[in-house]
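**Student:** Note that the working numbering has the sequence shown beginning at 8, numbered continuously upward.
Beta carbons are placed, not taken as given, at the ideal position from N, Cα and C, and that holds for glycine.
Nothing here was measured: the structure is a model prediction, and the numbers come from that model.
Below is a structure I'd like to ask you about.
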Amino acid sequence: LPLKPTPPPFRNHGNFVVSVAELNRWLGERAEEAGAYVLSETVGAKLLVDDDYEQSGERSAGGEASGRDRNAPGRGRSTVIGVRTGDKGRDKDGGRKSNFEPGSDVVARATVLAEGCWGHLTGAALKGLGLAAKDPQVWALGVKEVWEVEQPLDRVIHTLGWPLRPQARFKEFGGSWIYPMNRPGETPRVSIGFVVGLDYADARLSVHDVLQEFKLHPLVRKILTGGKRVAWGAKAIPEGGYWAMPRLHAPGMVICGDGGGMVNVPKLKGIHYAIRSGMLAAETLYSSLKAGSTDFSSYERAVHQSEIGKDLYESRNMKQPFGRGLIVGGAITNAMVVTKGRLPGGHWPTHRDSDQPLLLTDRDKRYPKPDGKYTFDKLSSVFTTGNATRDDAPSHIRIQQRVPRELAEAWKWMCPAAVYEVPEDAPQGSEHVDLIVNPSNCVQCGAITAKGGRLTPPEGGDGPVYQVT
């Protein structure tokens with residue numbers, strides 16, 4: 008059903024449609040032209056923290072700590088002094104191969120963590136330096152495809168709901184986008200994707216397969232008829248909003264973009280916040296280092312006083328109501344949109360995605376069978392990414408492999424890359440199962456960290472090689 012007039016969050020006049028992969032490469036080229044070194048096949052494995060460097064002369068690489076209020080003062084005298092890069096050339100068991108290269112310590116007066124969603128070093132900083140907000144971050148998973156089409160699309164399309172279920176017991180919140188990607192002299196393209204909050208209840212919900220189902224709707228199929236899929240990708244997205252934003256700085260360090268929870272959930276946008284926060288970080292670091300200081304607290308103030316902080320505060324409670332179902336949640340959120348977040352006001356807390364009780368239904372029976380033309384399976388989709396992960400590399404996925412049946416099913420269906428398998432011979436009535444893990448399939452979307460596991464960096468250079476997504 009079309010919404011008229013178009014709700015304010017979905018008005019896109021004057022905006023640009025870009026490929027994030029192409030934008031990243033273009034920005035990397037500009038950075039190199041300005042004198043920066045871009046080490047695209049090197050991972051940051053550890054955050055180097057100097058607790059009392061002047062007295063001890065020793066470095067530590069992070070630690071464990073509980074969360075804190077973003078406005079609370081820093082703990083002790085911990086200062087971030089750089090990162091340790093990951094080893095290369097280890098075998099599946101962690102042993103050294105003939106081409107082994109150890110990681111190196113890269114020491115710096117200022118470290119900017121701009122790792123995107125579920126950044127490994129950002130996670131270490133939130134725990135080890137106590138930067139996490141009181142409210143936990145919550146996440147969504149987005150799966151997208153790029154298609155070459157016969158007829159150029161002349162509009163931006165957003166949808167909410169279907170094929171998700173509106174009943175409150177399923178707690179399914181999400182929607183789609185269809186964006187034109189037309190360039191003069193080139194075959195017209197469209198970007199199509201579906202995003203679902205990871206606090207859903209049904210263990211057999213699969214965002215990848217929901218997207219395949221969505222593409223069979225007559226409106227969507229008409230756009231794709233005669234076309235072909237040329238790219239696919241998947242990534243988790245922070246949806247906790249204002250209340251889940253961590254403290255964005257520590258001595259010697261700042262956090263930018265998705266790592267700082269900078270996504271406008273009702274507008275489904277955050278790339279501009281990542282760019283703007285990077286600019287604010289650059290201005291802060293330049294002025295502070297020029298004055299001989301590694302106190303970057305003015306960056307925090309700059310972010311919250313900018314359009315980033317203002318937008319996120321206005322939409323601070325707009326995700327939480329959908330826990331009551333699409334209809335009730337939509338009505339409450341509409342009131343917030345109309346009043347610019349004033350009503351209903353207050354603090355609507357967030358809750359961890361992994362705390363959501365799971366149920367098992369026959370949802371998987373509704374997913375369309377892959378035909379290789381309009382609908383595709385997970386493994387063929389991973390193949391389109393040019394995934395370069397070695398089969399004999401150490402696993403970068405940290406999970407407990409023997410888990411309750413509901414959790415095993417949830418991980419299996421949630422993962423867009425078929426990393427987790429429930430053995431075919433596992434008894435249907437069993438309370439626990441031993442998962443099969445295929446880490447070389449992983450496209451590092453980060454969803455597993457939201458649902459009870461943990462994603463760590465693979466060897467440098469491993470993973471998907473996105474071109475146009």
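Taking the alpha-carbon of residue 193 as reference, which of 89, 157 and 443 has the nearest alpha-carbon?
**Tutor:** Measuring from the Cα of residue 193, the nearest candidate turns out to be 157.
**Student:** Nearest-angstrom Cα distance between residue 289 and residue 302?
**Tutor:** So the alpha carbons of these two residues sit roughly 14 Å apart.
**Student:** Scan the segment 188-265 and note each continuous beta strand (DSSP E) run of 3 residues or more that stays entirely inside, going in chain order.
**Tutor:** Entirely contained in the segment 188-265, the beta strand (DSSP E) runs reaching 3 residues are, in chain order, 196-204, 235-245 and 260-262.
**Student:** If you compare alpha carbons, which of 299, 297, 228 and 125 is closest to residue 253?
**Tutor:** Of the candidates 299, 297, 228 and 125, the one whose C-alpha sits nearest the C-alpha of residue 253 is 125.
**Student:** Going straight from the alpha carbon of residue 119 to that of residue 57, what length do you get?
**Tutor:** If you take the alpha carbons of residue 119 and residue 57, they lie about 16 Å apart.
**Student:** Flag this pair as yes or no: are the beta carbons of residue 152 and residue 375 separated by less than 7 Å?
**Tutor:** No.
**Student:** Hey, residue 7 and residue 464: beta-carbon distance below 7 Å or not?
**Tutor:** Residue 7 lies beyond the range of the chain shown here (8 to 476); nothing can be said about it.
**Student:** Please name the residue in 438, 150 and 175 whose C-alpha comes closest to that of residue 422.
**Tutor:** When each option's Cα is compared against that of residue 422, the closest is 150.
**Student:** On the three-state DSSP scale, how would you describe residue 290?
**Tutor:** Residue 290 falls in the helix class under three-state DSSP.
**Student:** Thinking C-alpha only, which one of 54, 35 and 40 is nearest residue 46?
**Tutor:** Nearest option by C-alpha distance: 35.
**Student:** Would you list the one or two residues that DSSP bridges to residue 439?
**Tutor:** Residue 439 is bridged to 411.
**Student:** Who does residue 455 pair with in a DSSP beta bridge?
**Tutor:** For residue 455, which the question treats as bridged, DSSP gives no partner whatsoever.
**Student:** Whose CA, out of 199, 393, 139 and 442, lies closest to the CA of residue 474?
**Tutor:** With distances taken between Cα atoms, residue 474 lies closest to 393.
**Student:** Kindly list the residues whose CB is nearer than 6 Å to the CB of residue 218, restricted to its own chain and excluding five residues on each side of it in sequence; keep chain order.
**Tutor:** Only 150 and 201 meet the Cβ criterion.
**Student:** Below 8 Å on the Cβ atoms is my contact criterion, and I expect residue 154 with residue 237 to pass it. Report the Cβ-Cβ distance as a whole number of Å.
**Tutor:** Sure, about 7 Å apart at Cβ, within 8 Å.
**Student:** What does the Cβ neighbour count give for residue 379, buried or exposed, with the cut at 16 atoms within 10 Å?
**Tutor:** Residue 379 is exposed by the Cβ-count criterion.
**Student:** At a cut of 8 Å, does the segment 232-249 reach the segment 431-444 through at least three beta carbon pairs?
**Tutor:** With the cut-off at 8 Å, the segment 232-249 and the segment 431-444 do not touch.
**Student:** So, helix, strand or coil for residue 406, using DSSP?
**Tutor:** Looking at residue 406 - three-state DSSP - the assignment turns out to be coil, as it is neither helix nor strand.
**Student:** With DSSP run on the structure shown, which of helix, strand or coil describes residue 271?
**Tutor:** In this structure, residue 271 counts as strand in the three-state DSSP scheme.
**Student:** Touching or not, the segment 348-358 and the segment 317-336, by the rule of three or more beta carbon pairs under 8 Å?
**Tutor:** With a cut-off of 8 Å, the segment 317-336 and the segment 348-358 count as touching, because enough Cβ pairs lie within range.
**Student:** So, residue 131 versus residue 138, is the Cβ gap smaller than 7 Å?
**Tutor:** For residue 131 and residue 138, no; Cβs fall outside 7 Å.
**Student:** Suppose the cutoff is 8 Å on Cβ atoms and the five residues either side in sequence are ignored; what does the same chain contact list for residue 279 look like?
**Tutor:** Excluding sequence neighbours, residue 279 sits near nothing in its chain.
**Student:** From the DSSP output, in three-state form, read off residue 306 for me.
**Tutor:** Of the three classes helix, strand and coil, the one that applies to residue 306 here is helix, per DSSP.
**Student:** Can you give the Cα-Cα distance for residue 458 and residue 433, rounded to whole angstroms?
**Tutor:** Rounded to whole angstroms, residue 458 to residue 433 spans 22 Å at the Cα level.
**Student:** If you draw a straight line from the alpha carbon of residue 4 to that of residue 395, how long is it in whole angstroms?
**Tutor:** Limits of the chain in this structure are 8 at one end and 476 at the other, which puts residue 4 out of reach.
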